[in-house]
Amino acid sequence: MKKIIAIGALAAFTLCGYTGVAQKEKSGAGDVGKIALNVVVPQSYEGLTPAQLSKLQSKITRVATANGMSGSGMGTFVLYPKVELYDEVVVEGMKNITVVEGEVTLFVKQLDNNVIFSTYSRTLKGSGFSKSKAVTDLIKKIPTRDPKVAAFLKEAKEKIIAYYEAKCDDIIAKADNQVKMQQYKSALGTLMQVPEEVSCYSRISDKAVEVYQAYSEQHCKEQMQAAKASAANNDYRSCLYALSQIDPSSSCSKDAESLMKQMAAKVDAEEKKEWDFMMKRYNDSVSLEKQRINAVKEVASAYYKSQPKTVNYTTVIK
Numbered sequence: 021m022k023k024i025i026a027i028g029a030l031a032a033f034t035l036c037g038y039t040g041v042a043q044k045e046k047s048g049a050g051d052v053g054k055i056a057l058n059v060v061v062p063q064s065y066e067g068l069t070p071a072q073l074s075k076l077q078s079k080i081t082r083v084a085t086a087n088g089m090s091g092s093g094m095g096t097f098v099l100y101p102k103v104e105l106y107d108e109v110v111v112e113g114m115k116n117i118t119v120v121e122g123e124v125t126l127f128v129k130q131l132d133n134n135v136i137f138s139t140y141s142r143t144l145k146g147s148g149f150s151k152s153k154a155v156t157d158l159i160k161k162i163p164t165r166d167p168k169v170a171a172f173l174k175e176a177k178e179k180i181i182a183y184y185e186a187k188c189d190d191i192i193a194k195a196d197n198q199v200k201m202q203q204y205k206s207a208l209g210t211l212m213q214v215p216e217e218v219s220c221y222s223r224i225s226d227k228a229v230e231v232y233q234a235y236s237e238q239h240c241k242e243q244m245q246a247a248k249a250s251a252a253n254n255d256y257r258s259c260l261y262a263l264s265q266i267d268p269s270s271s272c273s274k275d276a277e278s279l280m281k282q283m284a285a286k287v288d289a290e291e292k293k294e295w296d297f298m299m300k301r302y303n304d305s306v307s308l309e310k311q312r313i314n315a316v317k318e319v320a321s322a323y324y325k326s327q328p329k330t331v332n333y334t335t336v337i338k
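For the sequence shown, the residue numbers in the numbering used here are 21 to 338.
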């Protein structure tokens, strides 16, 4: 019997990179600055069960992980599969075995300009005591460390870097326009999609710190209110965290330092170590710069997490 089941008929994909197993840090900030593809899989399909779709998601995520490109990508690059099952044979015996054959194709695509950066295809067979088990077996056989898979993702990575090399000036200009409209979080998200391997990354990083300082000026009063509320409830750790988010160059810095000194006399020995460490960082320009970069990544990651997680499939394939 010959039958084609193409995942291309689906209505939508879910962006799985945001919550996939490949994330190294809960915040997702660890993926900022890295080429980390958003893995997308179908939400539903008549020919595949929810369990099979889940296995497909896990398998494609492992493909990305094995090749160093997993996580919650900051840009609009996606890795998605297409599965065509074109042959089904029942082998009769004491217990019939169903064998399915099909082609699995992986795509890396940039959604904004609808360009496919790289593709990989392989014909596979799966078998089992039912068609469903045979399809599940075929999904399991999608290779994660095949040299051709590695070459496919290497090609994609090189093209992604080249894409950002050509777009650096445009990205900075877009961020500048967002800053003019006081859209600081979106500006940081725009800037931090650029991977560290791109030659202009130092310019991007400098611009991001500049934007973050403007954002901090707007944000510092909220942090001071949070710190004072925590201090009033004797929640010194939360107070410390809120104060640590205030940039020393902001207009709130004197109030923040004053509150730090007040709280330092009220904490226990273990908390005192944290306060002392915090004060040292607060007055250490090198440490402060690292703190700013980390804060930039946190804000950019949070911004991307807040964006819609679903893309229309027609946008992916056209």
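The C-beta atom is built at its ideal place from N, Cα and C for all residues, glycine as well.
Judged by beta-carbon spacing, valine 214 lies beyond the 8 Å limit of isoleucine 180, meaning their Cβ atoms are not closer than that value. Taking a 10 Å sphere around the C-beta of alanine 71, we find fewer than 16 other C-beta atoms and assign the residue as exposed. Distance between alanine 251 and asparagine 314, taken at the CA atoms: about 25 Å. Assignment of beta strand (DSSP E) within the region 125-173, counting only whole runs of 3 or more residues, yields 135-148 in chain order.
Of the residues Tyr140, Val111 and Leu279, the one whose Cα lies closest to the Cα of lysine 168 is Tyr140. The closest CA to that of tyrosine 106, considering only Tyr100, Glu123 and Thr118, is found on Glu123. Contact between serine 147 and isoleucine 117 holds, with the beta-carbon distance rounding to 6 Å and staying under 8 Å.
Residue range 221-252 is occupied by the alpha helix (DSSP H) that includes glutamate 237. In terms of Cβ geometry, asparagine 58 and valine 98 form a close pair [threshold 8 Å]. DSSP places leucine 260 inside the alpha helix (DSSP H), whose first and last residues are 256-264. Comparing C-alpha distances from valine 199 to each of Phe172, Gln233 and Asp166 shows the shortest one belongs to Gln233. Using a 10 angstroms sphere on the CB of serine 138, the tally of other CB atoms reaches 16 or more, which defines it as buried. The three-state secondary structure of asparagine 87, taken from DSSP, is coil.
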